[in-house]
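J.: Under my numbering, the letters of the sequence shown match residues 90 to 558, in that order. Virtual Cβ for every residue (Gly too), placed ideally from N, Cα, C.
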Amino acid sequence: MPIATVNPTTGETLETFEPLGHDGLELRLARAEAAFREYRTVGFEFRSELLRRAAGVFETEQEQLARTVTTEMGKPLGQARAEAAKCAKALRWYADHGAALIADELPGEEDVADSGAVAALVRYRPLGAVLAVMPWNFPLWQVIRFAAPALMAGNVCLLKHASNVPRTALALEELFWRAGAPEGCFQTLLIDSSAVEGVIRDRRVAAVTLTGSEGAGRSVAAVAGDALKKTVLELGGSDPFIVLPSADLQAAVRTAVRARTQNNGQSCIAAKRFIVHTDVYPWFAAAFAQEMRALRIGDPLDPETEIGPLATRQGRDDLAALVSDALAHGATAEAGGLRTNGSTDPVDGAGWYYPPTVLTKVTPAMRIHHEEAFGPVATLYRVNSLDEAIEVANDSPYGLSSNVWTNDPAERDRCIRDLDAGGVFFNGMTASHPALPFGGVKRSGYGRELAGHGIREFCNATTVWVGQS
Ligand code: NAP
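1. Would the beta-carbon of Asp414 fall within 9 Å of that of Met455?
2. Specify, as a first and last residue, the run of the beta strand (DSSP E) that Ile364 falls within.
3. For Val513, name the three-state secondary structure that DSSP assigns.
4. Do Ile483 and Phe514 have their C-beta atoms closer together than 9 Å?
5. In three-state terms, what does DSSP make of Pro97?
6. Residues in its own chain within less than 7 Å of Val342 by CB, not counting five upstream and five downstream?
7. Excluding the five sequence neighbours on either side, which residues of its own chain have a C-beta within less than 6 Å of the C-beta of Leu324, listed in chain order?
8. Between Arg141 and Leu180, is the Cβ-Cβ spacing less than 9 Å?
9. Expressed to the nearest angstrom, what Euclidean distance is found between the alpha-carbon atoms of Thr367 and Ile331?
10. Check whether the segment 139-157 touches the segment 169-183, counting contact only when three or more Cβ pairs, one atom from each stretch, lie closer than 8 Å.
11. In chain order, what residues of the same chain lie with their CB nearer than 6 Å to the CB of Leu264, ignoring the 5 residues before and after it?
12. Just list the residues that DSSP pairs Lys318 with in beta bridges.
13. Pull up the distance between the alpha-carbon of Leu279 and that of Glu127, whole angstroms please.
14. Quick check on this structure: which residue in Asp193, Asp388, Glu148 and His186 has the alpha carbon closest to the alpha carbon of Cys176?
15. Determine which residues share a DSSP beta bridge with Pro215 and list them.
16. Would DSSP call Asp414 helix, strand or coil?
17. Do Gly287 and Pro244 count as a contact pair if the criterion is CB distance below 9 Å?
18. Can you give me the start and stop residues for the beta strand (DSSP E) that Phe275 sits inside?
19. Leu139: which of Pro228, Ala550 and Cys274 sits nearest, CA to CA?
20. Let me check you understand the geometry: is the CB of Lys178 closer than 8 Å to at least one non-hydrogen atom of ligand 1?
21. Could you check what DSSP says for Phe227 in three-state terms: helix, strand or coil?
22. Taking just the CA atoms, how far does Gly488 sit from Arg545?
23. Short of 7 Å in beta carbon distance, which residues of its chain neighbour Thr300, apart from the five on each side in sequence? Order them along the chain.
24. In this structure, how does DSSP classify Cys246 when only helix, strand and coil are distinguished?
25. Using the three-state DSSP reduction, which class does Leu333 fall into: helix, strand or coil?
26. Could you work out which residue in Thr421, Asn226 and Ala409 is closest to Glu161 when comparing CA atoms only?
27. What do you get for Leu103, buried or exposed, if any count of 16 or more other CB atoms within 10 angstroms of its CB means buried?
28. Could you check where the alpha helix (DSSP H) with Trp441 kicks off and where it finishes?
29. Specify whether the segment 417-425 and the segment 442-454 touch according to this definition: at least 3 beta carbon pairs, one from each stretch, less than 8 Å apart.
30. How close, in whole Å, do the beta carbons of Thr99 and Ala439 come, if the pair is a contact with beta carbons under 8 Å?
31. Where does Gly163 fall in DSSP's three states?
32. For Ala424, collect the residues of the same chain with a Cβ closer than 7 Å to its Cβ; drop the 5 residues on either side in sequence, then sort them by chain order.
33. Rounded to the nearest angstrom, how far is the Cβ of Gly511 from that of Ser485, given a contact under 8 Å?
34. Nearest by alpha-carbon distance to Ala119: which of Gln276, Val481 and Asp337 is it?
35. Would you list the residues sitting across from Val530 in a DSSP beta bridge?
36. Is DSSP giving Val201 helix, strand or coil here?
Structure representation (structure tokens):
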């Protein structure tokens, strides 16, 4: 894919960028190595201050950053502003808590004596330069949720951002520069995905984290595995949203619509499969389809807009193909789907729009039953019991998060025990928070971001043992 800013609202190419050549890449890798030599030795106070200053820049430049994001990938402007604010919050959270999360761990006195030592501890030391291969859908947040803990731990960051968000990628590099990051601590590499392998194999790169699709995860993990380098993978998801009879149904419908359509439906943790108990199915299905139909589609810079265009033409076409396949195999579109003239553009002529869509009568014979729908398309399933709901929920190759609407404590325990996912959110939608670990199981990836789990992923847990002298 060429590295370019293409406005998804109009399809217009606004700017193209030359990928880094050999010399440019070499310069940045050398800078990262030199930066790590120094940065690993600076104290937590220095790093906290850097993170706080970066948070300040996110706040003072929120509007400009948000407009850059919306212009490059099409999310409604209010959501882009909220994303910038969330980055500031995470930077401050790690500035406040990072040092404690990776403070020395002291084993019990008896265990120390039993090991034959007079003293023993575990010290968390940084690994080095960490390559972050990132997606376009939350182009600020995905980067910061990796960079805040990585920088706090003393690592340095190399960002290979998605090819369609180069302005955002460069803005992030500049933001850290203006926040006073030492040269080489945070660098953007404008490179094509074919150049990622060489960077992973470079001896100056210690580890790699990737947020993106399954295919990208597989190739990055294969190269990193061959080079014996640590990886964290945050991949796709097709999260279930289970609604049981004891739920507050109105709240469930409102949240279901938001969970499916935030970020124009392009979120890994968006609820995608709605699994509803037969006792409440008719009411839920009708209300959900009606609210999906009522969403305001339009220019994402317009404050009234709830659904903007999808980020890329390819993404829109892939989604349309998934829906067409379902309809061809007997699904029914209760909202959206193909228009009678075959067009999926709700606004004439321009932009990569796709109408909010609700599909029923979905069966395992359809691709959408197993694949991730990365856009505002929901599938509805009718089930007769909690057992059946869990069975349908787990019938997916993915296991990122899950949502369950119930007020029955026994049903909650059952879901925590049996849902194959990295999270279970009750009576609400999945959202990330700096204090809570984030990540999945199955083909949604491995490793965790955020909280203490995230900061320790790129640390060397060093055993220190002191014998009697
Ligand atoms: P993508 O095509 O996999 O791209 C993600 C990043 O990987 C981009 O920087 C891309 O670079 C790079 N890339 C692609 N193929 C690669 C390869 N073979 N080797 C090395 N790098 C490669 O994903 P996307 O379409 O941008 O993002 C949507 C996907 O990300 C969805 O599946 C979504 O669920 C997932 N996602 C997961 C999370 C999570 O936390 N679990 C969060 C957000 C998104 P180019 O742009 O240059 O191709």
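T.: Answer, in terms of the structure:
1. yes
2. Ala360 to His366
3. coil
4. It is Asn, not Ile, that sits at residue 483 in the sequence shown. Result no, Cβ atoms of Asn483 and Phe514 do not sit closer than 9 Å.
5. coil
6. Phe373, Ala376, Phe377 and Glu380
7. Glu303, Gly306, Ser533 and Gly534
8. yes
9. 11 Å
10. yes
11. Val146
12. According to DSSP, which records beta bridges pairwise, Lys318 is partnered with nothing at all.
13. 25 Å
14. Glu148
15. Cys548
16. helix
17. Looking at the sequence shown, residue 244 is not Pro but Asn. Result no, Cβ atoms of Asn244 and Gly287 do not sit closer than 9 Å.
18. Phe275 to Thr277
19. Cys274
20. no
21. coil
22. 22 Å
23. Met223, Pro224, Gln231 and Glu323
24. strand
25. coil
26. Asn226
27. exposed
28. Where Trp441 is concerned, there is no enclosing alpha helix (DSSP H), given that its DSSP letter is neither H nor E.
29. yes
30. 5 Å
31. coil
32. Ala378, Met381, Arg382, Pro445, Thr446 and Val447
33. So it is not a contact: roughly 13 Å between Cβ atoms.
34. Gln276
35. Gly488
36. helix
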